[in-house]
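Undergrad: Take the sequence shown: its letters are residues 1 to 624, numbered as in this note's numbering. Note that beta-carbon positions come from the ideal geometry of N, C-alpha and C, so glycine has one too. Source: prediction; values computed, not measured.
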Amino acid sequence: MNNTVHNIACVFALGYSALAAVAQTGHVDPPGWWGNLEEGKVEVLVSHPALGVPKDVETDNDDGVALLNWRPSTLPGHVWIELDVSGVREATEVALNVLPERGRWTSFPFQVVPTLPRNRLDRWEEAPVMYLIMPDRFVNGDPSNDEVKGQLERGIDRTEMYARHGGDLAGVKSKLDYLADLGIGAVWMTPVVANDLAKTSYHGYACTDSYLVDPRLGTLEMYKNLTAAAHDHGIRIVHDWVPNHWGNLHRLLTHPVDSAWVHNWAGGFTDEKRTNYRSGVVLDPHGQSPDVAGFNDGWFDRMMPDMNQANDDLQRYMGTNILWWMAEVGIDGLRIDTYTYGQQDAMAAMTKRVSESFPQCFMFAEAWVHGSAKQAALVEGNGFGWGPTTGLDGAVDFAWHFAMQEAAEQGEGWEHGIGKVYEVLVEDFLYPDPQKLVTFLDNHDTHRWIAEAGDADKAKAGLAMLLMGRGTPCLYYGTELGFDTRCEPDGKVRQDFPGGWLEDDRNAFSAEGRTPEESEWFDHVHGLLSIRNTFPLAFQGGLEHFFPKRGVYGFSREQDDVRIVTLVNAANEARPLPWDNVEPWIQDAVAMERLQPDGTLTADVLKPEDTLGAWSHQVWVVRR
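1) Cα separation between Phe-535 and Ser-259?
2) Quick one: using the 10 Å Cβ neighbour count with 16 as the cut-off for buried, is Phe-429 buried or exposed?
3) Verify the contact flag: Asp-610, CB atom, against every heavy atom of the ligand COA, threshold strictly below 8 angstroms.
4) Ala-591 and Ala-603 - do their beta-carbons sit closer together than 9 angstroms?
5) Go to Leu-463, then tell me how far its alpha helix (DSSP H) extends in each direction, as first and last residue.
6) Since Cys-207 contacts Gly-247 with CB under 8 angstroms, what's their CB separation in whole angstroms?
7) Report the three-state DSSP secondary structure of Tyr-131 (helix, strand or coil).
8) Return the chain-ordered ranges of every alpha helix (DSSP H) run that is complete within the stretch 494-550 and spans a minimum of 4 residues.
9) For Ala-511, count the other beta carbons within 10 Å of its own beta carbon; 16 or more makes it buried, fewer makes it exposed. Which is it?
10) Would you say Leu-612 faces chain D, with C-beta separation under 9 angstroms as the test?
11) Give the DSSP bridge partners of Pro-290, in chain order.
12) Can the beta-carbon of Val-568 be found less than 9 angstroms from the beta-carbon of Leu-612?
13) Within 10 angstroms of its Cβ, does Leu-249 collect 16 or more other Cβ (buried), or is it exposed?
14) Would you report the Cα separation of Pro-143 and Val-172, rounded to the nearest angstrom?
15) With H, G and I counted as helix, E and B as strand and the rest as coil, what does DSSP make of Val-192?
16) From what residue to what residue does the alpha helix (DSSP H) around Lys-436 run?
17) Can you name, in chain order, every residue of its own chain whose Cβ lies under 8 angstroms from the Cβ of Ala-21, other than the five neighbours on each side?
18) In whole angstroms, what separates the C-alpha of Met-189 from that of Asp-345?
19) Applying the 10 Å Cβ sphere with the 16-neighbour rule, what's the burial state of Val-112?
20) So Trp-368 and Ser-279 are supposed to be a Cβ contact under 8 angstroms. How far apart are they, rounded?
21) For a test of the three-state rule: what should DSSP assign to Arg-104, helix, strand or coil?
22) Please report the residue range of the beta strand (DSSP E) in which Lys-41 lies.
23) Ignore the nearest five residues each way along the sequence and tell me which others in Asp-442's own chain have a CB closer than 6 angstroms to its CB.
24) Would you please state the rounded distance, in angstroms, between the beta carbons of Val-552 and Trp-620? I believe it to be under 8 angstroms.
25) Looking only at its own chain, which residues have a Cβ that is under 7 angstroms from the Cβ of Leu-467, when we skip the five neighbours before and after it?
26) Around the C-beta of Gln-697, are 16 or more other C-beta atoms found within 10 angstroms, so that it is buried, or is it exposed?
27) Can you look up Val-622 in the DSSP assignment and give me helix, strand or coil?
28) Taking the alpha-carbon positions, what's the Arg-486 to His-444 distance?
29) Look at the alpha carbon of Glu-637 and the alpha carbon of Pro-109, and state the distance between them as a whole number of angstroms.
30) Just verifying my parser: in three-state terms, what is the DSSP assignment at Thr-227?
31) Quick one: what's got a C-beta closer than 8 angstroms to Gly-627's C-beta in the same chain, skipping five residues either side?
32) In its own chain, which residues sit with a C-beta less than 8 angstroms from the C-beta of Val-148, not counting the 5 before and 5 after it?
33) Closest by CA to Gly-383, which one among Tyr-431, Leu-392, Glu-356?
Right, dumping it as structure tokens:
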């Protein structure tokens, strides 16, 4: 389907000059549909400032298209049109004819395709390593879109952390070879939808058009090309979906459909309208309603009005929108931003639509909560049956993330430090499949892990625990080069990748362009990923671990006649191996290899008298 369709309204009544003059501002959401998606039923929102309160709706195509119903929106300028396109047998364009409040019939094009394209990879059973990219800060693959006419924020300025820097989808596509060679199996990009704000629009989390790729990142066609090329490399694409809030300049807020779509809409933003950010209140059996409302209904930020997903029209609009992106682009996974901030029944209804239509899609929620139980509650099939049926496969594993931060700070401990990491994994009984938890050490909202760890040995041990451990690991772009900034403010952890711009003085995407320190980090990460990709079956199953002994923690993954053993000493001094725990993993070994700092495996042997140095780690491949 063509991305420009929703920007066009074909005016047949040329005698009505007022409508003709503003015809280009018309939109059709979605711009098209598929005959076998949701049984071919779809509700379309047609918008045009001159429609007023429409008087009638017709279609000009009876070949498999049925007009089921239509109704005006609550506020003028929009009309809801319900269609059945299940009978369409070949791709066609349907004219949605609307009779405005004043004037003559106006026609809006709508495209119909009989069947969904087969444009996505299989389900994620192997828990591929995910790579998080902020496109604006990765690679400028198409300088022609650095300046886009009509956008409120003009040009690029790489000296300003909150300005546009020019990275784009073409840039991500150009580095798929690099990502595949590194060992990445999935790419999660921060939102690629339109963010047309006067400033700080680079991050993508303040959507201004739900059906438009941000023109400074590229086009719908480029997004589709990137996805197809990624699939050719065996790499899945994760779409970042933000249903909790929109940007305050979203076209359906500047030309509103219904004032009830936004919580606390009247009067715009005030500090009193800001959310309380207490995400635990929606799970609290003792919670008081003002606290819940203060969390769910408050604005995430002054430029991000809080959307009321409990409104039936908005819920259907959002659900249809994400299904359209899934189908049109061939998306493999969904990361759902600020999941707990939305109305939970409504969020569950939308994710259920996705899971029913695209059961192969991997869906995981961002839930910035403390404690395994709180994030487990969101996952479909959890151990205690809290709340609505979500259809979610997993969640971002903040419990593990916070435990790793504590381990870096406190070192050894019984229930603290490295002991906390152990305890988090003990709680995996809460999940139907802990492999579908998305584990991470850092992201675009946190300190870089290497800065958090404060020590190279600690940081490398943490990376080994991330990439060898259970779950679906997520690596933040640049970690493989040793990026070590702190989130003070957040723009500092969203730096440009060296070599992503033609004017850069070096190219860290190539070995020749890396500093010795960057090469050391790259070799470490690449070596870990090589083990994961050489023995994929070992990382599809469970994990066996022992509780920390004097600061030494270990876990094992198994594939047929191969066992991957990871050992970490979180103490500030050398410690002996807990041999009683280690020996069962190696007693039947016929060969052993140890991962070296340069990322290679060399033959070696573990012995009872061996020790682990202060804050050191070892990764072993044990062949039996």
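TA: On the basis of the coordinates in this document:
1) 54 angstroms
2) exposed
3) No copy of the ligand COA occurs in the structure displayed, which carries no ligand at all.
4) yes
5) 456-468
6) 6 angstroms
7) strand
8) 516-534
9) exposed
10) Absent from the structure is chain D; it holds one protein chain and no more.
11) Paired residues: none, contrary to the question.
12) yes
13) buried
14) 13 angstroms
15) coil
16) Unbroken run through Lys-436: none, as it is neither H nor E.
17) At Ala-21 the pLDDT is 31, less than 50, meaning the model places this residue with poor confidence; the figure from the coordinates comes in the next sentence. If we look at Ala-21 and ignore the five residues flanking it on each side, it has no Cβ neighbours.
18) 27 angstroms
19) buried
20) 6 angstroms
21) coil
22) 41-47
23) Arg-448, Trp-449, Tyr-476
24) In fact, because the Cβ distance is near 14 angstroms, the residues do not count as touching under 8 angstroms.
25) Val-129, Pro-473, Leu-528, Leu-529, Arg-532
26) One cannot answer for residue 697 here, as it falls past the ends of the chain, which runs 1 to 624.
27) strand
28) 10 angstroms
29) Past the boundaries of the shown model lies residue 637; the chain is included only from 1 to 624, so the question cannot be answered.
30) helix
31) The displayed coordinates of the chain run from 1 to 624. Any statement about residue 627 would go beyond what the structure contains.
32) Pro-215, Arg-216
33) Tyr-431
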